[in-house]
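A.B. asks: There's a structure below that I have some questions on.
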Amino acid sequence: MKLLAIDLDDTLLRDDNTVSDYTKEVLKKAQDKGIEVLIATGRMYQTAYPVAHRLGLGDVPMVLYSGGVIQRVESKELIWERAIPPEVAHKVLAIAKEHNIYIQSYIDDELLVHSETEFSRLYEEITGAKAMYVGDAIYEPQKGTNKLLVVEEPERMAEVIAILSKEVGDMVDLVRSKVNFLEIVAPHVSKGEALAFMGEQLGIGLTDMVSFGNSENDISMLQVTGHSVAVGNAEEHVKTIAKEVCDTNENDGVAKWIEANVL
54 MKLLAIDLDD TLLRDDNTVS DYTKEVLKKA QDKGIEVLIA TGRMYQTAYP VAHRLGLGDV
114 PMVLYSGGVI QRVESKELIW ERAIPPEVAH KVLAIAKEHN IYIQSYIDDE LLVHSETEFS
174 RLYEEITGAK AMYVGDAIYE PQKGTNKLLV VEEPERMAEV IAILSKEVGD MVDLVRSKVN
234 FLEIVAPHVS KGEALAFMGE QLGIGLTDMV SFGNSENDIS MLQVTGHSVA VGNAEEHVKT
294 IAKEVCDTNE NDGVAKWIEA NVL
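Just add 53 to the spot in the sequence shown (first one is 1) and you have this note's numbering.
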């Protein structure tokens with residue numbers, strides 16, 4: 054095992070957005086053994102950095118936006134990026150407006166929202182992000198968009214996915230990161246694709262990697278790495294894809310698995 058790729062929300066992070074000292078110590082010991090530790094998250098740099106910095110991993114690469122960007126933790130060096138073209142983002146945003154779907158946009162590490170709603174407040178509370186309320190300007194992106202995110206009630210999400218799949222399914226990739234979060238990214242953007250790219254850069258094959266996740270947007274990396282581990286609180290179909298299931302995020306499941314199998 055030469056590289057550990059770890060999702061943040063509901064995987065490494067506890068439900069209150071914290072990481073235990075035990076987990077930090079285990080990750081540091083893995084690094085001391087020469088093992089690469091890489092964060093692979095749907096988050097933007099703005100909200101992933103505080104977590105990665107607290108972990109004390111150093112200037113390691115982070116996979117952000119579920120694979121749309123790879124950026125170093127401390128130096129902010131941009132290693133790789135694939136954004137949704139403005140004309141495609143415009144079409145997706147127009148559909149969201151027409152069907153009254155709450156959607157937010159990520160450009161230049163800024164979270165752009167039309168106006169404050171219960172969904173925007175929920176997202177800020179969960180991630181620590183600070184939204185910029187831009188009104189109708191959100192529907193007219195002037196440059197590439199790293200990610201679009203739909204936040205909806207779980208019972209409406211199937212309807213939203215059906216609408217977007219029909220209208221723009223050949224232009225973007227749709228993947229859930231929570232039951233009420235639908236990520237919209239450029240085609241061929243995924244955590245699995247990002248790990249393949251980083252493996253080439255580091256000289257590490259996918260077979261020598263272990264990935265940890267809990268949700269649909271983790272499936273791509275759970276499928277391609279040599280070993281894969283779902284946390285105990287993962288969605289049931291994600292557990293069936295992973296090669297192994299560890300303890301839950303609340304019980305430091307990732308760190309326990311690493312201590313038992315890597316250290």
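Glycine included, every Cβ here is placed at the ideal spot set by N, Cα and C.
Computed from a predicted structure; not experimentally measured.
So within the stretch 210 to 290, which uninterrupted beta strand (DSSP E) runs reach at least 3 residues, ignoring any that extend past its ends?
C.D. replies: 226 to 231, 234 to 238, 262 to 266 and 280 to 283
A.B. asks: Considering just the uninterrupted stretch of the alpha helix (DSSP H) at residue 309, what are its terminal residues?
C.D. replies: 306 to 314
A.B. asks: So what's residue 132 in DSSP terms, helix, strand or just coil?
C.D. replies: strand
A.B. asks: Do residue 212 and residue 233 have their beta-carbon atoms positioned less than 7 Å apart in this structure?
C.D. replies: Cβ atoms of residue 233 and residue 212: not closer than 7 Å.
A.B. asks: Take residue 298 as the anchor and find which of 285, 270, 231 and 65 has the nearest alpha-carbon.
C.D. replies: 285
A.B. asks: Span of the beta strand (DSSP E) holding residue 158?
C.D. replies: 156 to 160
A.B. asks: Cutting at 6 Å between CB atoms, please list the residues of its own chain near residue 128, excluding the five before and the five after it.
C.D. replies: 112
A.B. asks: Measure the C-alpha to C-alpha separation of residue 316 and residue 80 and round it to an integer number of angstroms.
C.D. replies: If you draw a straight line from the Cα of residue 316 to the Cα of residue 80, it is about 10 Å long.
A.B. asks: What's the C-alpha gap between residue 275 and residue 59?
C.D. replies: One C-alpha to the other measures close to 10 Å.
A.B. asks: Cα separation between residue 143 and residue 184?
C.D. replies: 19 Å
A.B. asks: Output the distance between the C-alpha atoms of residue 115 and residue 147, rounded to the nearest integer angstrom.
C.D. replies: 31 Å
A.B. asks: How many whole angstroms separate the CB atoms of residue 156 and residue 198, which I take to be in contact at a CB cut-off of 8 Å?
C.D. replies: Wrong, their Cβ atoms sit about 11 Å apart, outside the cutoff.
A.B. asks: Terminal residues of the continuous beta strand (DSSP E) containing residue 84?
C.D. replies: In this chain, residue 84 is not harboured by any beta strand (DSSP E); it is covered by the alpha helix (DSSP H) spanning 74 to 85.
A.B. asks: When burial is assigned at 16 or more other CB atoms within 10 Å of the CB, is residue 290 buried or exposed?
C.D. replies: It counts as exposed.
A.B. asks: What residue does the alpha helix (DSSP H) around residue 144 start on, and which one ends it?
C.D. replies: 139 to 151
A.B. asks: Can you give me the C-alpha to C-alpha distance between residue 170 and residue 241, rounded to a whole angstrom?
C.D. replies: The straight-line gap from Cα to Cα measures roughly 31 Å.
A.B. asks: Where does residue 314 land, buried or exposed, given buried means 16+ other C-beta within 10 angstroms?
C.D. replies: exposed
A.B. asks: Residue 57 to residue 178, Cα distance in whole Å?
C.D. replies: 28 Å
A.B. asks: DSSP beta-bridge partners for residue 67?
C.D. replies: DSSP, once it has assigned bridges, lists no residue as partnering residue 67.
A.B. asks: Residue 107 by DSSP, collapsed to three states: which one?
C.D. replies: helix
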